[in-house]
Amino acid sequence: MNNALGEKPAPHGAPETTATPGEAGGFFETGRPRLGGLQNPITFSDTQAAVIDAAADTLIPPHPDWPTASEQDLLTFVGRYVTPSGYRNKHFPFATEDEFKAGLDRLGQAFVDADTRGRTDAIAALEKASQEGTDPLFEQLRALVYYGYYSRPVVTLAINRNLPAGRDYHGPPLPYGYLQTTEPWDEDLLTQAQENGSYLETDDVVRVDLSQLSWTK
Amino acid sequence: MAAYEETDVLIIGAGPGGAGIALKLAKAGVKVTCLEQGPWVKPSEHPHYHDEWELEKQRGWAYDPNVRQLPEDYPVTGTTTPYMMNNVGGSTVHYAGHWPRYKPVDFRKGTEHGLEGTIDWPISYEDLAPFYDENDEIYGISGRIGDPSYPDRKQAVRDPEVLPGKLGLKYAKASKDLGWHWWPSDNAIITVPRENREADQAMGNELSGSPTGSLSTPANAHWPYAIRHGADLRTNARVETINADGGKATGATYLDRVTGERHEIRAKIVVLAANGIGSPRLLLQSAQKGHPEGLANSNGIVGKYLMHHVFAFCDSWFDEPIEGFKGSFGAPLYSHEFYHTDVSRGFVNGFGMQVARSFGPAYAAMGTHTGYTAPWGEKHREFFDGHFANHLMVFMFGEDLPVESNRVTLDPDVKDSSGLPAAHVDYALHPNDIALAEYGIEKIFEATRAVGATETNDTGVLYPPPGWHLMGTCRMGNTPDDSVLNKWCQTWDVPNLFVVDGSTLTTGAAVNPTSTIGALSQRTGEYILRNVDHITAQKTTPSNADAPTM
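What follows is the structure, encoded as structure tokens:
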């Protein structure tokens, strides 16, 4: 299908190149970005992949009772949600392939080879740059790692196992919902609710004393 | 062959304002055409079945069109976070469905204080009450009759209320212990199945809509039936101009966003229902001969008196499970203990405390509603384990004053994808709004601490406020000097042009506006139906006193 200008729709799952028909890459917009991100994730070099895994374990350190972040294939998750080179960077987490990879390259093998202290210092420096508005990489990495890690089914199972408050959490809201595990109203409580509350009839509305307003003083 | 088409009633916008009128008129056999710049949203587009549902909420389901940037969206510049959607059903396709009504006093705020641009509504609660009931039945509303903070509404039809869960029971107990008002919320979420709609499964995440149809929106409650009765709903139809001639609206010119073709459609009556930003935008961009400042804007009021409500998000954590991920996102309960003006507090108007659900673990890690982001590194695990699902959030939202300088205009530089001017918003909080909100934050934490909250965090008074509610910019009023519309939602300047959406609301009350927009839609539809010949014969818009009655 082409649009009125003869443009083709954007490749499945890819953000569009332009909001103005006829400009830029010649791909018109067809709707929401694909659920799940890119159908074909962008790929990373071995070193870039190692940096992502190392960063994931620095942001969410390994714990004996929890799945290890670097073992959850966050690499693919990141690849699905980074904007490919040449496309408009219009969807959260607003990370473009070229800049994102350049940031990973700056961390590089030295970051991968560093001990916990070294990695922590490097991420802290990134966080500072992000707070100063000079480099968005920290915000992008943290969002991708947090959203990615806590969306994995194996992490959901760990939540069920480890946290009393998360015992019934089952990941996506549907198809199951929580109808069977959500507490109903207490009839005694509802009866007591009728004891408090009133309203003003239309004809009873009168001018209030505006001299008591604190913000006018 | 004519270069235009003809219809009886042309409706612009397929959200709550337009849908109610379309359904009523179509059922009565009136030829109705609706132009909607967006598409239908299909069940498969919702993220509820996906592992990545929390991230998707920030992307194609982002509330803000400036972030979402879908083809049907248009930019909104200025001091605003406009939370709207442009599709069949309008912004109700991603709302919480919280469904309170205005109270009688809300129609008389001009009498009560008259501050800034506050005026009385030209109608009363009693005028609107039967239309609230009629509207509720169409949507499908769950809740419980009997709230003592409202007039009797025994005629309202209700499904059983949504389940409270630990979260709802916790705040109900807090309110009870303090002797405060509270009541289970009315929600536009069905708990009993309807045709082609499943009942609520306590799933949550209604802020990304509902693929099962449990969330009541015109996309499932109105349009399938209006179309069945002959309504012509045209999607991807972006209106360029509402046309007028000789003091009357003649129809509209629109662009088909798929083909790029321009069409003209003529009508006896035009109803504008494009929301509190979209409607003034369209009137202003419809400046033409005889209407140099925009259509229906000879008094310069179109776009003014924008209201959003004043908001603060208040998070509380407990050392016990709260399980906020369970249950429909429509609020389980609300408290209107501080709803009414009490000037001894130092401000007029009041606020509601609306208990909200949470989302999943990524939401907890990313900081819930108040930016309380889980630390990274060695403290991450302890923080997450202690905060996830131990969390309760309450919306403090209060009535903001209608201020003339809070307004929608056209952006002189930014255009949408069709080359039409973007909307521009100027909005500042009034000192009364700020005083009200700060008091509200204190009261919410008074309640949660009373029942054991061990940690709290809040956003402070949000500026700009989250723009879920877009109100007041084409308001109903009493004379052409104080408003854009008369008491039947007719524009003062153009008698066969009506406006029915959030922009119509004279004041904002301290409740979510959709049920009131829907009630006004029913009332206006009934008025048009009964008076169509009178309206089309009018050369000028009658005063409220002279207008024909229902």
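Protein sequences appear in the order of chains A and B.
Going left to right, the first sequence walks through residues 0 to 216 as numbering that gives the first Met the number 0 numbers them.
Going left to right, the second sequence walks through residues 0 to 549 as numbering that gives the first Met the number 0 numbers them.
A virtual CB, placed ideally from N, CA and C, is assigned to each residue, including glycine.
Just so we're clear, the structure is a prediction, and the values are computed from it rather than from any experiment.
Rounded to the nearest whole angstrom, the CA to CA distance from A:ASP187 to B:ASP151 is 22 Å. Going by DSSP, B:HIS262 is part of the beta strand (DSSP E) stretching over 261 to 271. For B:VAL347, the C-beta contacts it makes with chain A under 9 Å involve VAL207, LEU209, LEU212, in order along the chain. Collapsing the DSSP output to three states places A:ASP72 in coil.
Put simply, the segment 178 to 185 of chain B does not touch the segment 149 to 168 of chain A. Fewer than three CB pairs are less than 8 Å apart. In this structure, DSSP gives A:SER150 a state outside helix and strand, which the three-state scheme calls coil. Where B:TRP375 is concerned, there is no enclosing beta strand (DSSP E), because DSSP gives it neither an H nor an E. Secondary structure note for A:GLY107: its alpha helix (DSSP H) is the uninterrupted segment 96 to 112. Looking at the DSSP output, B:GLY466 bridges to B:PRO81. Where B:SER315 is concerned, the enclosing beta strand (DSSP E) starts and stops at 309 to 316. Interface annotation, B:HIS49: in contact with chain A, CB-CB separation under 8 Å. Taking the Cβ atoms as the reference, B:PRO46 lies roughly 6 Å from B:SER207, within the contact range of under 8 Å. Rounded to the nearest whole angstrom, the C-alpha separation of A:LEU212 and B:ARG344 is 8 Å. Among the residues of chain A, those whose CB is under 8 Å from the CB of B:ASP384 are ASN161, LEU162, following chain order. Membership of B:GLN353 in any alpha helix (DSSP H) is not indicated; the residue belongs instead to the beta strand (DSSP E) covering 350 to 355. Contact annotation: in the segment 66 to 94 of chain A, residues whose CB is within less than 9 Å of a CB in chain B are PHE76, ARG79, TYR80, ARG87, LYS89, HIS90, PHE91, PRO92.
In the DSSP assignment, B:LYS165 falls outside any beta strand (DSSP E) and within the unbroken alpha helix (DSSP H) covering 164 to 177. Here the segment 102 to 117 of chain A does not lie against the segment 174 to 190 of chain A, with fewer than 3 beta-carbon pairs under 8 Å apart. Shown in chain order are the members of the segment 107 to 136 of chain B whose Cβ falls below 7 Å from a Cβ of chain A: ARG107, THR110, GLU111, HIS112, SER123, TYR124, GLU125. Per DSSP, the continuous alpha helix (DSSP H) segment holding B:LYS26 begins and ends at 15 to 26. Taking a C-beta distance under 8 Å as the contact criterion, A:ALA54 and A:VAL153 do not qualify as a contact pair.
For the C-beta of B:HIS308, not a single chain A residue is nearer than 8 Å; the gap to the nearest is close to 18 Å.
In the structure shown, B:ASP532 falls within a helical segment according to DSSP collapsed to helix, strand and coil. For B:GLY250, the secondary structure class from DSSP, reduced to helix, strand or coil, is strand.
Contact annotation, B:ASP457 with B:PHE337: C-beta distance approximately 16 Å; criterion of less than 8 Å not satisfied. Under the DSSP assignment, B:ILE440 falls in the alpha helix (DSSP H) whose first and last residues are 430 to 449. Within the DSSP bridge table, the entry for B:GLY397 names B:VAL309, B:PHE350 as partners. Distances from the CA of B:ALA361 to each of A:GLY132, A:ARG116, A:SER150, A:ASP52 were compared; the closest alpha carbon is that of A:SER150. Taking the C-beta atoms as reference points, B:ASP105 is found no nearer than 8 Å to B:THR472. Close to chain A, meaning a Cβ-Cβ distance shorter than 8 Å, are the following residues of the segment 52 to 63 of chain B: TRP52, GLU53, LEU54, GLU55, GLN57, ARG58, GLY59, TRP60, ALA61. Among the residues of the segment 250 to 284 of chain B, those with a Cβ less than 8 Å away from any Cβ of chain A are VAL257, THR258, GLY259, GLU260, in the order of the chain. Within the same chain, Cβ atoms closer than 8 Å to the Cβ of B:GLU322 are found at GLY164, LYS165, LEU166, ALA388, the five residues on either side in sequence being excluded.
Taken through DSSP and simplified to helix, strand or coil, B:TRP181 comes out as coil. Note on geometry: alpha-carbon atoms of B:ALA452 and B:GLY370 lie some 18 Å from one another. The C-beta of B:ASN389 comes closer than 8 Å to at least one C-beta of chain A.
In the structure shown, the three-state DSSP call for A:LYS127 is helix.
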